[in-house]
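Report on the structure given below.
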Amino acid sequence: MLRNIIHRLLQGLLVLYVLGTLTFFLVHALPYGPFQDEKAVPPHVMERLEKLHGYDKPLYTQYFLRLKNIAQGNLGMSIKVMEGRKVSDILGQAFPVSLTLGIIAICIAMLIGIPAGIFAAIRKNSIVDYAIMTVALLGICLPNFVIGPMLAEFFGAKLGLVPVAGWNPANPFSLLLPALTLGLVSAAYLSRLTRAGMLEILNQDFIRTARAKGQKGWIIVTRHALRGGLIPSIAYLGPAFAATVSGSVVVEAIFQVPGIGRLFIKAIETGDETLIMGPVLLYGTLIVIANFLADLLQIWLNPRLRAANAD
Amino acid sequence: MENSTTIQAANEPAEAGRSLWGDAWIRLRHNRAAMGGCAILAIIVLLCFIIPFFPFLPDPAAQSLPNKNAGPSMSHWMGTDHLGRDLFSRILHGGRISILVGLITTLVSLTIGVSVGAIAGYAGGRVDALLMRTVDVLYSLPFLVIVILFSALAKGYTNDFTEWVVSLTGINQDAIAPFTSLIPLFIAIGALSWLNISRIVRASVQDIASREFVEAARSLGLSHGRILFRHIVPNAIGPIVVYATLTIPSVMLFEATLSFLGMGVQPPYSSWGILIKDGADRMLSNSALLVFPSIFFILTLLSLNFLGDGLRDALDPKSAKS
Numbered sequence: 000m001l002r003n004i005i006h007r008l009l010q011g012l013l014v015l016y017v018l019g020t021l022t023f024f025l026v027h028a029l030p031y032g033p034f035q036d037e038k039a040v041p042p043h044v045m046e047r048l049e050k051l052h053g054y055d056k057p058l059y060t061q062y063f064l065r066l067k068n069i070a071q072g073n074l075g076m077s078i079k080v081m082e083g084r085k086v087s088d089i090l091g092q093a094f095p096v097s098l099t100l101g102i103i104a105i106c107i108a109m110l111i112g113i114p115a116g117i118f119a120a121i122r123k124n125s126i127v128d129y130a131i132m133t134v135a136l137l138g139i140c141l142p143n144f145v146i147g148p149m150l151a152e153f154f155g156a157k158l159g160l161v162p163v164a165g166w167n168p169a170n171p172f173s174l175l176l177p178a179l180t181l182g183l184v185s186a187a188y189l190s191r192l193t194r195a196g197m198l199e200i201l202n203q204d205f206i207r208t209a210r211a212k213g214q215k216g217w218i219i220v221t222r223h224a225l226r227g228g229l230i231p232s233i234a235y236l237g238p239a240f241a242a243t244v245s246g247s248v249v250v251e252a253i254f255q256v257p258g259i260g261r262l263f264i265k266a267i268e269t270g271d272e273t274l275i276m277g278p279v280l281l282y283g284t285l286i287v288i289a290n291f292l293a294d295l296l297q298i299w300l301n302p303r304l305r306a307a308n309a310d
Numbered sequence: 000m001e002n003s004t005t006i007q008a009a010n011e012p013a014e015a016g017r018s019l020w021g022d023a024w025i026r027l028r029h030n031r032a033a034m035g036g037c038a039i040l041a042i043i044v045l046l047c048f049i050i051p052f053f054p055f056l057p058d059p060a061a062q063s064l065p066n067k068n069a070g071p072s073m074s075h076w077m078g079t080d081h082l083g084r085d086l087f088s089r090i091l092h093g094g095r096i097s098i099l100v101g102l103i104t105t106l107v108s109l110t111i112g113v114s115v116g117a118i119a120g121y122a123g124g125r126v127d128a129l130l131m132r133t134v135d136v137l138y139s140l141p142f143l144v145i146v147i148l149f150s151a152l153a154k155g156y157t158n159d160f161t162e163w164v165v166s167l168t169g170i171n172q173d174a175i176a177p178f179t180s181l182i183p184l185f186i187a188i189g190a191l192s193w194l195n196i197s198r199i200v201r202a203s204v205q206d207i208a209s210r211e212f213v214e215a216a217r218s219l220g221l222s223h224g225r226i227l228f229r230h231i232v233p234n235a236i237g238p239i240v241v242y243a244t245l246t247i248p249s250v251m252l253f254e255a256t257l258s259f260l261g262m263g264v265q266p267p268y269s270s271w272g273i274l275i276k277d278g279a280d281r282m283l284s285n286s287a288l289l290v291f292p293s294i295f296f297i298l299t300l301l302s303l304n305f306l307g308d309g310l311r312d313a314l315d316p317k318s319a320k321s
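This is the structure we're talking about:
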């Protein structure tokens, strides 16, 4: 078990290293740089800016310098978008917003997706099952940039129940629409996975035995089938969280939520390397942690995996 | 007597054998969702690729400000947008780009995914471990974020790329620009969406590589490359076709998302993603601009998913659990 955990942590570090390296070279390959402006920048100013941010050194020196700094926890300061502010401060301000959004979205996805999948599996091949599965497929195909504006128009503009856009810490409802938009895709995938997982378990012999014993239907489902049937869904929670976190880039743009996604888009448009690297590494770290937790949960739920890991 | 019956039996035509595809086609035909998807898809593709050649369809770029935000009418079937351009015509022209992006990008991702998966599955050992660990690591990256970075890069070099192709081939810039401006986008999305396919192909190749006919091919002295790509991969074509069908909608979604964020298809060309973005911006004044392109887009994605699911059930009866 311990060996397994160490192995996963090392792999997580490798993921972050690859991610950071990829980002560094992609950003430096952009044909525009953070020092360009609408007006022409005088050469001596350009030179001084480049020197200030270390851009005058050869690329590989810059790379190792950045690597060393980031390994020591220094993300540097924003070059263009929020000129001169420390990236860690900027992230510290924007991250809680994005994280709240992501967590609410995942909770919504689980609350909708898992019960829907269980229900569809119990009523297999009935109208209810077909209806749930059709809605789920629709949820997968409906892009969040279509759902988002439509939800905003219906609940925000027509019914006036919730704010159309923006983020107001005093009003928790202002995050509801963005979180719903973000969570629906994962809800759709979760319901499909839950249905498939439950069906597989419900067809097994021990379920038939429980039925033959005269056990009540809902007890069979909650006590016997759920544990095994939910394993695929739990395995998906890691990737789902990843999709939700990076998907928030789009949702934040639609609802004008002042999270990391909007900063990230602005940073890419200007080539602000430090402000691109910060969010990318933060997203990467979140995903590594989420995958790790999902794996642990899966091992804990599955006796066969538990036995295999108990060395 | 006995002898003659034997001869007769031998003369009777043997019952026609049914191929994998014959079987699959029979199963697919009975799947109403898949066939419906297929029909809708055919209609949309015909609309997008044939109708724009007929003269009755207005020019998608022709503006007419006095006629802006008009409702549906005989001359403008779906009304006009905020610049008085015909919405139906814009949707069909945008659809061409969206569908083209879907197809070609899928081709790119298939090429990479099948090669990586096949080599990993066939070679086994260290090569397999290395390739699959790479896939694992790529899997854990924040996908959309990397695609956005890639396409920002692709967008930055679009003009250089067009000039390079023009200088190389001497083709008129206006004629080739619609294609060359899209190629970086194809590569950017295709280079990142092959992970699922490579895992699927690897599993099939591992399974097929242990069969007798592969051993036979090896004992005949065929080279590894020939065995792999002439004998093993064609036998794994079922799952490849299924996942190709399911990859098309997902890359179309990516293209639309990127275009929505301003990183995908660039003006003057438009795609469904761009139309939806325009529609969402002007939703309150004219909701038709959001609704009509969304309907086309969602119908296409739904049909492709139904078709892909149907193909999976048809080609791989074991996986159809219900």
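Those sequence lines, one after another, are chains R and A.
Letter 10 of the first sequence, counting from 1, is numbered 9 in numbering that gives the first Met the number 0, and no numbers are missing.
Letter 78 of the second sequence, counting from 1, is numbered 77 in numbering that gives the first Met the number 0, and no numbers are missing.
Beta carbons are placed, not taken as given, at the ideal position from N, Cα and C, and that holds for glycine.
Tell me whether residue i is buried or exposed, calling it buried when 16 or more other Cβ atoms sit within 10 Å of its Cβ.
| i | result |
| --- | --- |
| Y188/R | buried |
| G384/R | Residue 384/R lies beyond the stretch modelled for chain R, which goes from 0 to 310, so this question has no answer here. |
| T193/R | buried |
| V146/A | buried |
| P267/A | exposed |
| K320/A | Summary for K320/A: the model assigns pLDDT 41, below 50, so the residue's position carries little reliability, and this model does not support an answer. |
| H223/A | exposed |
| E1/A | Below a pLDDT of 50, predicted positions are generally treated as unreliable, and E1/A, at 47, falls in that range; the measurement from the model is reported next regardless. Exposed, by the Cβ-count rule. |
| I103/R | buried |
| M0/R | exposed |
| F63/R | exposed |
By Cβ distance, which residues of its chain are closer than 7 Å to residue i, with the 5 residues on each side in sequence left out?
| i | result |
| --- | --- |
| T244/A | L303, L306, G307, L310 |
| D271/R | P33, S77, I78, K79, V80 |
| I50/A | L56, L91 |
Could you spell out the range, first to last residue, of the alpha helix (DSSP H) harbouring residue i?
| i | result |
| --- | --- |
| D360/A | No answer is possible for residue 360/A: the residues shown for chain A start at 0 and end at 321. |
| Y156/A | Unbroken run through Y156/A: none, as it is neither H nor E. |
| I107/R | 86-121 |
| I236/A | 236-259 |
| P128/A | One point to set straight first is that residue 128/A is Ala, not Pro, in the sequence displayed. Taken as a continuous stretch (DSSP letters only), the alpha helix (DSSP H) holding A128/A covers 124-138. |
| D173/A | 172-179 |
| P267/A | No alpha helix (DSSP H) holds P267/A; DSSP gives it neither H nor E. |
| A130/R | 126-140 |
| D294/R | 272-300 |
| M149/R | 143-150 |
| G237/R | 230-254 |
| S192/A | Run containing S192/A: none; DSSP gives neither H nor E here. |
| T60/R | 58-70 |
| D55/R | Segment: none, D55/R is in no alpha helix (DSSP H) and carries neither H nor E. |
Out of the options, which one is the CA nearest neighbour of residue i?
| i | options | result |
| --- | --- | --- |
| R261/R | N68/R, Q71/R, I103/R, L90/R | L90/R |
| M282/A | G19/R, P95/R, F144/R, Y31/R | F144/R |
| L280/R | G70/A, A119/A, V144/A | V144/A |
| F254/R | R47/R, D294/R, L296/R, T180/R | T180/R |
| C106/R | S185/R, P231/R, L285/R, A211/R | S185/R |
| D277/A | S173/R, L174/R, P148/R, S190/R | P148/R |
| S284/A | L152/A, F142/A, H81/A, A187/A | H81/A |
| T105/A | R132/A, E162/A, L191/A | L191/A |
| L198/R | L183/R, V244/R, I230/R | I230/R |
| L66/R | Y282/R, I267/R, T22/R | T22/R |
| T221/R | R84/R, Y59/R, I113/R | I113/R |
Using a Cβ cut-off of 7 Å, pull out every chain A residue sitting near residue i, in sequence order please.
| i | result |
| --- | --- |
| A252/R | L260 |
| A28/R | L152 |
| G116/R | Going along chain A, no residue has its Cβ under 7 Å from G116/R, so there is no contact; the nearest lies around 13 Å. |
| T193/R | The premise fails here: T193/R is roughly 14 Å from chain A at the closest Cβ pair, so nothing lies under 7 Å. |
What does residue i touch in chain R if you count any residue whose Cβ is under 9 Å from its own?
| i | result |
| --- | --- |
| P248/A | I139, C140 |
With a CB to CB cut of under 8 Å and the five nearest residues on each side skipped, what residues in its chain are close to residue i?
| i | result |
| --- | --- |
| F228/A | A117 |
| G70/A | G78, A287 |
List, in order along the chain, the chain A residues whose C-beta lies closer than 9 Å to that of residue i?
| i | result |
| --- | --- |
| F144/R | A255, T256, F259, L260, G272, I275, K276, A279 |
| T269/R | Within chain A, no residue comes near T269/R; the closest Cβ sits about 10 Å away, beyond 9 Å. |
Who are the neighbours of residue i on chain A, taking C-beta pairs under 8 Å?
| i | result |
| --- | --- |
| L179/R | Result: empty, since nearest Cβ-Cβ is about 16 Å, beyond 8 Å. |
Which residues in the same chain have their Cβ closer than 6 Å to the Cβ of residue i, if we skip the five residues on either side of it in sequence?
| i | result |
| --- | --- |
| Y242/A | I196, I199 |
| T5/A | Residue placement at T5/A is poorly supported in this model, since its pLDDT is 49, which falls under 50; the coordinates are not used for a value here. |
| V107/A | F185, G189 |
| A8/A | Any answer about A8/A is weak, because its pLDDT of 49 lies below 50 and its placement is not dependable; what the coordinates show is given next. There are no such residues. |
Report the neighbours of residue i on chain R: residues whose CB is nearer than 7 Å to its CB, in chain order.
| i | result |
| --- | --- |
| V136/A | L13, V14, V17 |
At a CB-CB cut-off below 8 Å, which residues of chain D make contact with residue i?
| i | result |
| --- | --- |
| Y242/A | No chain D appears in the structure shown, which is made up of the protein chains R and A. |
Given that residue i touches chain R, what residues does it touch there, using C-beta distances under 8 Å?
| i | result |
| --- | --- |
| F142/A | A241, A242, S245 |
| G155/A | L29, P30, Y31 |
Does the Cβ of residue i lie closer than 7 Å to at least one heavy atom of the ligand MN?
| i | result |
| --- | --- |
| H223/R | With respect to the ligand MN, the structure offers nothing, as it holds no ligand at all. |
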